[in-house]
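Presented below is the structure to which this report refers.
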Amino acid sequence: MFLKKFGTVALMLCASIVPLVAQTTLVVGQATDPIILDPPMYSDTPTHNVNLLIYDRLYDLSSDGKVVPGLAVDLPKIEENGTKYTIKIKSGVKFHNGQPLTIDDVIYSFQRGAFNDKSQMKSIFAMMYDVKKIDTYTFQFRTGFFDKSKAPANVQDSDLKSFEDRAKYYKPAAFGSQLNQLTWLGASIVSKATLEKAQQDGTLKDYGVTWAVGSGPFKFDSWKQGDSVTLVRNKDYHDSSIQTNVDKIVFKTIRDPSALKSAFLNKEVDLIMNVAPLDAREIEQAGGKILLTNGYFGYHYLGFNMKSPRVGQVNADGTPDMDGEYDLSSPSAKLRFAILYSINPSDIVNSPDIMDKRGKVTLQYVESLPFGHIDDPKGTRLEEGNLKTGYYNPTKAKELFASLPDSLKKPGLLKCTALSGSVFVKEALVIKDQVKRVLGVDLISIEQVALSELATRRSKSDPDVWDLIVNWTQTDDSYYIFVAFDGFNTSLLHDTKFYTKAAQEWIDKGNSLPNGPERNIAYQNAQKEVLKALPRVPLVAIMGISASQQNISGVFLSPSGSFMLDNVVKK
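According to the numbering used here, the sequence shown is numbered sequentially starting from 107.
Following this line, the structure appears as structure tokens:
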């Protein structure tokens, strides 16, 4: 009898211990902490990686960049010349705290992302208005823009604080990127009931730091500031196709890049992101797996400050010339082109200390996106270059430089900005040496700056501070053209402050068209116009590079380079 009871107790103890022993933990190494686990409030990469697992969106992007339903049942029904969207969501979905997810939560989340003072994702919803609930699982909205003729003289677009307010003064207009933007992290769905209750009981101030509630495949567990964020598996996740065997994901913060790489090589972490090409080689040699984005998700560039009298265009009084037309025969334009023809990007691509062949020479700003890639180079600047050496043409560079006044031939004339300690400093040094070798004058001086200062410089584009900048752009179907070259965009992504009427017309047309061949043609034509004036020299088309241990599978990188861990398996 004693043995029987003892055996029963032993079995019960084993049964309680086995789940603990069998628990599978994935450790992701990141260089910084997330900022806040509240989707519309911030979206750098470390924040992005965590929030993608806690929250769901109506739509997501597949590995090849296609929009696929998430919480939505299907792609939206789009009517009235691309200005009216109807979307139905899945029933039976629950938040991590058991609250049901309905259209009320969707509308609340969009309202919060669009109008909350702290939201960093307002651009997602900038053209949305007349958002209406049809039933518990269906809603509609329209896209358009503020129509001054409808509004009183004292009312501006920025004064409107709800989609309902916008409905009074907005005019219908199609916006081709709207569906794509609903896949962005800032369009994640939060629980209306939960956050409204938190507002009442005073705990909302801690949301995204000490607690967070989504409907995603993993739930928030804890955040040790400066050390790690821990998520646990959502066993009740609504998508039964998820195949992960991971019970817990720990996002480990290791700020020193060398220490982060060492932690991976020592197998203390399972995944790391934003691997430098040079480190990728070492990781492969040590037996790690290199993960790449499917296609080129951005490009490195040399940007010209178009407000600079040396490489841009100014009026007689020195103020920036923003009349929408550039004189391409002016000395400053010729200097831009002389620099263009002096640069051989293959030296950057092939350098083992920079790209280590993990990228390719590019002639344009759109490499592998569905909209804007120039397929036929005839009649465009692309005819002047090739995919081996770019636009490199030393003879042409020397001819143009020889025609310039002595005032544009002084050593150290051009001030180039690059992020301190980054690969862009190395690229700037290559460009500096190439220009010196071809033109015979050491024209470029390089200044390394901290990230905060870089952001300030890109935003203000002060010609007294910089003429050139070496940087990169991460992109989607609208970011390549719409943000970087839209003359009315005020963000730091529009760092060159480029503007021409011809390009703007095509940009506006592309933005107003639904996805399809016409939108593609509009963006192609926009890019052709931009390349004529050349505010940026495209250097290298890049892929996102990450690394995993050999026992990790089921991970892919989103088109933006973030980890997609829904189906991660650890053996």
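Built from N, CA and C at the ideal position, the CB exists for glycine as well.
(request) Using the Cα positions of S438 and V646, report the straight-line distance between them to the nearest angstrom. (result) 24 Å
(request) Tell me, please, which residues DSSP counts as bridged to V338. (result) K325 and K354
(request) Please state whether DSSP places T249 in a helix, a strand or coil. (result) Three-state result, T249: strand.
(request) Return helix, strand or coil for A422, following the three-state DSSP convention. (result) coil
(request) Using three-state DSSP, classify Q633 as helix, strand or coil. (result) helix
(message) Check for me: the beta strand (DSSP E) holding E611 runs from which residue to which?
(response) No beta strand (DSSP E) contains E611, which is instead part of the alpha helix (DSSP H) from K607 to S618.
(message) Bridge partners for D241 per DSSP, in chain order?
(response) T244
(message) Closer than 8 Å is the cut-off here; do at least three beta carbon pairs connect the stretch 278-289 with the stretch 140-156?
(response) no
(message) Against chain B, does N492 count as a neighbour if the rule is that its beta carbon must be under 8 Å from one of theirs?
(response) The question asks about chain B, but that chain is absent: this structure has only one protein chain.
(message) Along the chain, where does the beta strand (DSSP E) containing A280 start, and where does it finish?
(response) Where A280 is concerned, there is no enclosing beta strand (DSSP E), given that its DSSP letter is neither H nor E.
(message) Could you tell me the alpha carbon to alpha carbon distance between Y585 and V381, rounded to whole angstroms?
(response) Model confidence at Y585 stands at a pLDDT of 49, short of 50, so the residue's coordinates are unreliable and nothing is read from them.
(request) Within the same chain, show all residues whose beta-carbon is closer than 8 Å to that of T244, passing over the 5 residues directly before and after it, in chain order. (result) T192, I193, K194, I195 and I209
(request) Could you check if F594 is buried or exposed, using at least 16 other CB atoms within 10 Å of its CB as the buried criterion? (result) In this structure F594 is exposed. Its beta-carbon is surrounded by fewer than 16 other beta-carbon atoms within 10 angstroms.
(request) Put F410 into one of helix, strand or coil per three-state DSSP. (result) strand
(message) Please tell me whether L291 and V661 are closer than 8 Å, where the distance is taken between their beta carbons.
(response) no
(message) Between which two residues does the alpha helix (DSSP H) holding I396 run?
(response) It is not in any alpha helix (DSSP H) - I396 instead sits in the beta strand (DSSP E) that spans K395 to L398.
(request) Output the distance between the C-alpha atoms of F221 and F251, rounded to the nearest integer angstrom. (result) 16 Å
(request) Return yes when the Cβ of V199 is within less than 8 Å of the Cβ of L177, no when it is not. (result) yes
(request) Please name the residue, chosen from Y275, S268, F269 and P511, that lies closest to P258 on a Cα-to-Cα basis. (result) Y275
(request) Decide if the stretch 456-473 is in contact with the stretch 637-656; the criterion is three or more beta carbon pairs, one per stretch, under 8 Å apart. (result) Touching, per the Cβ criterion.
(request) Taking 8 Å as the cut-off, decide whether the C-beta atoms of G135 and T399 are in contact. (result) Taking 8 Å as the Cβ cut-off, G135 and T399 do not qualify as a contacting pair.
(request) Tell me where the beta strand (DSSP E) around S436 begins and ends. (result) First-last for S436: undefined, no H or E at that position.
(request) Taking 8 Å as the cut-off, decide whether the C-beta atoms of Y405 and T468 are in contact. (result) Cβ atoms of Y405 and T468: closer than 8 Å.
(message) Less than 8 Å between the C-beta atoms of K676 and V352, yes or no?
(response) yes
(request) Could you spell out the range, first to last residue, of the beta strand (DSSP E) harbouring Y165? (result) Y165 to L167
(message) Can you look up K194 in the DSSP assignment and give me helix, strand or coil?
(response) Three-state result, K194: strand.
(request) Return the CA-CA distance between L574 and P323, expressed in angstroms with no decimal places. (result) 44 Å
(request) Can you have a look at I240 and say buried or exposed, based on whether 16 or more other CB atoms are within 10 angstroms of its CB? (result) exposed
(request) Would you be able to state if there are at least three C-beta pairs under 8 Å between the stretch 481-488 and the stretch 557-577? (result) no
(message) By alpha-carbon positions, which one of G518, Y343 and Q580 ends up nearest to I160?
(response) Y343
(request) Report the rounded CA-to-CA distance for E663 versus E533, giving the unit in angstroms. (result) Contrary to the premise, residue 663 reads as Leu rather than Glu in this sequence. Approximately 25 Å, taken between the alpha carbons.
(request) Counting only the same chain and skipping the five closest in sequence on each side, list residues whose C-beta sits under 6 Å from that of K413. (result) P426, S567, P569 and K603
(request) Answer yes or no: do F410 and T300 have a C-beta to C-beta separation smaller than 8 Å? (result) no
(request) Name the residue from I651, L671 and G650 whose alpha carbon lies nearest to the alpha carbon of S659. (result) When each option's Cα is compared against that of S659, the closest is L671.
(message) With a threshold of 6 Å on Cβ separation, who are the neighbours of D263 within its own chain once the five nearest residues in sequence on each side are excluded?
(response) So the qualifying residues of the chain are F252.
(message) Less than 7 Å between C-beta atoms, sequence neighbours within five positions excluded: which residues of the same chain meet that for V674?
(response) In chain order, L132, T350, V352, I658, G660 and V661 place their CB closer than 7 Å to the CB of V674, counting only its own chain and leaving out the 5 sequence neighbours on each side.
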